[in-house]
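Asker: Residue numbers (the numbering used here): 21 to 214.
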């Protein structure tokens, strides 16, 4: 479980594919002490540390993850968002994020609003119906508030801090992002029999 609060951005150092498994080597933040088997949210993808060394850690992605997320398009040097899993009793400053990507979505527009930006994505229309105006959504692992909904399009507002401290500030129209919807509404609808 994660909070959608990015703790660091880092580069993909290397990629290796073998037997339909992609191993990605990620630059480790200097202050991080990771254990083998630990969960790290990488651009919204819950990833398991399978190897670690001085200044790096490795994760692996199987075919299903590669088909549902942007992991298949990772390249050497790519900037990714990182968050370590929550520990029991930690505060959740964003919203509960599982790291289970629901879909990928293209960015259809980025509009500058002074020092801030509005980012619009077009996710799967059926999944987008789960999203509530002013509810939460995770884009590349970042907990955000839905500012506007229009058809299948969802717009979020990015403050300067988010633009500076995550990879969302490097994105452009046409780029594809990982999306995880806040499933609280879907669970409530099931309980209510909707």
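Idealized CB from N, CA, C, for every residue including glycine.
1. So, with DSSP's three-state summary, where would you put residue 170?
2. Take residue 124 as the anchor and find which of 78, 88 and 189 has the nearest alpha-carbon.
3. Comparing C-alpha positions only, which one of 90, 79 and 92 sits nearest to residue 58?
4. Out of 31, 117, 150 and 27, point me to the one whose CA is closest to residue 75's CA.
5. Pull up the CB-CB distance for residue 158 and residue 24, whole angstroms please, since I reckon it's below 8 Å.
6. Quick test of the definition: if touching needs 3 or more C-beta pairs under 8 Å, does the stretch 36-55 touch the stretch 190-207?
7. Considering only DSSP beta bridges, list what residue 71 is partnered with.
8. What's the call for residue 51, buried or exposed, on a 16-neighbour Cβ count within 10 Å?
9. So, under 8 Å CB-CB, residue 139 and residue 102 are touching, yes? Tell me the CB distance rounded to an integer number of Å.
10. Can you round the beta-carbon distance between residue 162 and residue 186 to whole angstroms, since I take them to be within the 8 Å contact cut?
11. Straight-line CA distance for residue 37 to residue 144?
Answerer: For this structure:
1. Here residue 170 is taken as the residue at index 150 of the chain shown, counted from 1. Looking at residue 170 - three-state DSSP - the assignment turns out to be strand.
2. In the chain shown, the residue the question calls residue 124 occupies position 104. The option with the nearest alpha carbon to residue 124 is 88.
3. Working through the chain shown from its first residue, we reach residue 58 at position 38. Of 90, 79 and 92, the residue nearest in Cα terms is 79.
4. Your numbering for residue 75 matches position 55 in the chain shown. Closest by alpha carbon: 31.
5. For this step, residue 158 is matched to residue 138 along the chain shown. For this step, residue 24 is matched to residue 4 along the chain shown. Yes, they are in contact, since the Cβ atoms of residue 158 and residue 24 sit about 5 Å apart, within 8 Å.
6. no
7. Taking the first residue of the chain shown as 1, we reach residue 71 at position 51. Note: residue 71 sits in a beta bridge opposite 78.
8. For this step, residue 51 is matched to residue 31 along the chain shown. The residue in question, residue 51, is exposed, as its Cβ has fewer than 16 Cβ neighbours within 10 Å.
9. Reading the chain shown from its first residue, position 119 is the one you call residue 139. Reading the chain shown from its first residue, position 82 is the one you call residue 102. With a Cβ gap of about 20 Å, residue 139 and residue 102 do not count as contacting.
10. Locating residue 162 in the chain shown gives position 142, counting from the first residue. Locating residue 186 in the chain shown gives position 166, counting from the first residue. Confirmed, Cβ separation roughly 5 Å.
11. Position 17 of the chain shown, counted from the start, is the residue given in the question as residue 37. Position 124 of the chain shown, counted from the start, is the residue given in the question as residue 144. Using only the alpha carbons, I get a separation of about 28 Å.
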